[in-house]
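Line by line, the protein sequences give chains A and B.
Per my numbering, the first sequence runs over residues 1236 to 1510.
Per my numbering, the second sequence runs over residues 1236 to 1510.
Ideal Cβ positions, reconstructed from N, Cα and C, are used throughout, including at glycine.
There are 2 protein chains.
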Amino acid sequence: MRSKLLASQTAHSSWLCIGLDPAVERMPPAVRGMDEPLVGFCRAIIEATSDLVCAYKPNLGFWLAEGVAGLAALQTVIASIPAGIPVILDGKFGDVGHTAAAYARFAFEQLGVDAVTANPYLGIDALRPFLADGERGVFLLARTSNPSAPDLQDQPVGKQTLYEHVAQLAIQWDAELPGTCGLVVGATYPGELALLRSRAPGLPFLIPGIGAQGGSLSAAASHGPTADGVGPVINSSRGILYASSGPDFAEAARAAALVLRDCINEERQGDEETR
Amino acid sequence: MRSKLLASQTAHSSWLCIGLDPAVERMPPAVRGMDEPLVGFCRAIIEATSDLVCAYKPNLGFWLAEGVAGLAALQTVIASIPAGIPVILDGKFGDVGHTAAAYARFAFEQLGVDAVTANPYLGIDALRPFLADGERGVFLLARTSNPSAPDLQDQPVGKQTLYEHVAQLAIQWDAELPGTCGLVVGATYPGELALLRSRAPGLPFLIPGIGAQGGSLSAAASHGPTADGVGPVINSSRGILYASSGPDFAEAARAAALVLRDCINEERQGDEETR
């Protein structure tokens, strides 16, 4: 997963990931009237942006909300993503071993994605099936981007918080099968992001929360890549997908993606120059 | 959710829940050869057992592992469950607010289930969409049944463990919309189960882990119902579904379910007599 991600970041000079979270009610009327609106919409977005991103991240919830047709559309859309671009299935999986194996079969065999997001609450058992293949990977939730993240994640566990404990476990789990584990850290909490970057210098970050959720682009971009050069995967969904509600939505998505990619690269360059 | 569950527990004198976790490779050859093996298998199980259970719990992972056909089968199977029996979708959902709303739409509108399981790691935001309708409910993971459950769940948070902290949060969250919240507590940890029953006397329990996972039936059954009479929902999956690998699988499932229901009732009665 890491080498594919690094190759794609280098080829496209990009740390930008586009979240594929299709909501039919926000699509342009012409798309809504199509036979397969989710496929039509997302394919147009992908065609317009695939040279600007390092990854795509479909969020499973939005596809399941459309039922069987939604899942069929997800499969079609993933198959249309150019082969060199990693796909991260945002399913936030977390279940006991034999069920986790079923989810891994779903993600890696049925959908053919490169990585998933997973929840740490059940411990390592719940992750092993996703880590079994060195080519795939898991981004483990550490500090999420939502307002109630502190309910559990900020609880003090000994001398550190629970999310720091999770980062520590992720470092251990990654050592079991090197190169498979990363962390999800929300851009809405810049202090926590900085702290985790220093605690886990070897783990790639998936950073949601910029744009609609109000997270800091500067915080997301400025902490630099991992020790072996894998940059953060900085996700934007709504700000790109719904940049225009007119028939020019794909063109507008490209324009928004270009601006965001370049802003990220500026922050990144600024940071590299001051080091 | 609670009143429907209590009605079904009373009508069938049962705290038994059957987990619908279909694995095609474990089905009888005749079923495997059918056009829709998941539908054929699960419908036969439901027809043979619906007067013996208080609920059914389909585990989303096993259905998604079969792709689009699996999700279509899940929808068909859920629609075939008799109206009075609650259906708990075991999806272990946990995502930020607007995505949680998409999963709630999937569970309650697309599939029409009565309750879901959810993960507490993201805090209350991730649950609100599931709690918005007083008729539906959430079973929140507190202490899971798997070997690595202690990795996070047993961490000390102040003077208690993380899973006790989660139980406390669940009591608060249930107070926001009374009658909607329950806890998932594995039968594989009898001590933790007893502790949580005393800490959260008002919250219904969903108890996985008996049978194949080696949990204690006595521990699962003996702590009695909530203060308002809702008994624990004691789940068995593999021990019932695969009681026979021959053409008599449905009959064998009924026999296994009957034994289990009656064992639970004996434990329950024994406990009620000694009180």
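What residues match up with residue i in a beta bridge as DSSP calls it?
i       : result
B:K1292 : B:G1254
A:D1325 : A:N1294
B:L1453 : The sequence shown places Ser at residue 1453 of chain B, not Leu. None; B:S1453 has no bridge partner.
B:N1470 : B:C1252
B:T1396 : B:P1391
B:L1418 : B:L1375, B:F1440
In chain A, what lies closer than 7 Å to residue i by C-beta?
i       : result
B:V1392 : Q1390, P1391, V1392
B:D1330 : G1296, K1327
Does DSSP put residue i in a helix, in a strand, or in coil?
i       : result
A:A1300 : coil
A:T1245 : helix
B:R1442 : Per the sequence presented here, residue 1442 of chain B reads as Ile, with Arg not at that position. In this structure, B:I1442 counts as strand in the three-state DSSP scheme.
A:A1350 : strand
B:L1529 : Residue 1529 of chain B is absent from the model: chain B starts at 1236 and stops at 1510.
A:G1275 : helix
B:V1331 : coil
A:L1412 : coil
A:V1465 : coil
B:D1386 : helix
A:P1355 : helix
B:N1500 : helix
A:D1483 : coil
A:Y1338 : helix
B:I1320 : coil
A:P1460 : coil
B:L1362 : coil
A:E1370 : coil
A:A1265 : helix
B:S1433 : helix
B:T1423 : coil
Count the other C-beta atoms from every protein chain shown that fall within 10 angstroms of the C-beta of residue i, then say buried if there are 16 or more, exposed otherwise.
i       : result
A:P1482 : exposed
A:V1494 : exposed
B:T1284 : buried
B:T1396 : buried
A:E1344 : exposed
A:D1368 : exposed
B:K1394 : exposed
A:Q1388 : buried
B:G1449 : exposed
A:P1321 : buried
A:M1236 : buried
B:D1325 : buried
A:E1301 : buried
A:D1349 : buried
B:M1269 : exposed
B:G1305 : buried
A:A1337 : buried
A:S1249 : buried
A:D1409 : buried
B:S1480 : exposed
Could you tell me which chain B residues have their CB closer than 7 Å to the CB of residue i, listed as they occur along the chain?
i       : result
A:Q1504 : Chain B residues near A:Q1504: none, gap ~30 Å exceeds 7 Å.
A:D1360 : N1381, P1382, S1383
A:H1400 : Q1390
A:L1357 : T1379, N1381, S1383, A1384
A:L1438 : Under the 7 Å cutoff, chain B gives no residues; its nearest Cβ is about 17 Å from A:L1438.
Which bits of chain B does residue i rub up against, with CB to CB less than 8 Å?
i       : result
A:K1292 : Here the premise fails: no neighbours, minimum Cβ distance about 12 Å.
A:F1297 : T1334, A1337
A:L1397 : L1387, Q1390, V1392, L1397
For residue i, which residues in chain B fall below 9 Å Cβ to Cβ?
i       : result
A:Q1244 : Going along chain B, no residue has its Cβ under 9 Å from A:Q1244, so there is no contact; the nearest lies around 25 Å.
A:Q1310 : G1302, V1303
A:A1404 : Here residue 1404 of chain A turns out to be Leu, not Ala, going by the sequence shown. Simply D1386, L1387.
Quick one: list the residues of chain A neighbouring residue i, beta-carbon separation under 8 Å, in chain order.
i       : result
B:D1546 : What the structure shows of chain B is the stretch from 1236 to 1510, and residue 1546 of chain B is not part of that stretch, so it cannot be assessed.
B:A1307 : V1303
Could you tell me whether any non-hydrogen atom of the ligand MG is closer than 8 Å to the CB of residue i?
i       : result
B:H1458 : Questions concerning the ligand MG fall outside what the structure shown contains, since it holds no ligand whatsoever.
Give a yes or no on whether 9 Å exceeds the smallest Cβ distance from residue i to chain E.
i       : result
A:D1368 : This model lacks chain E altogether; the protein chains it does include are A and B.
Exercise for the section: Taking a Cβ distance cut-off of 7 Å, strictly less, list which residues of the region 1337 to 1354 of chain B are near chain A, in chain order. Expected result: Taking 7 Å as the Cβ-Cβ cut-off against chain A, the residues of the region 1337 to 1354 of chain B that qualify are A1337, Y1338, R1340, F1341, Q1345, N1354.
Exercise for the section: Note down, in chain order, all residues in the region 1373 to 1388 of chain B with a beta-carbon under 8 Å from any beta-carbon belonging to chain A. Expected result: L1376, T1379, S1380, N1381, P1382, S1383, A1384, P1385, D1386, L1387, Q1388
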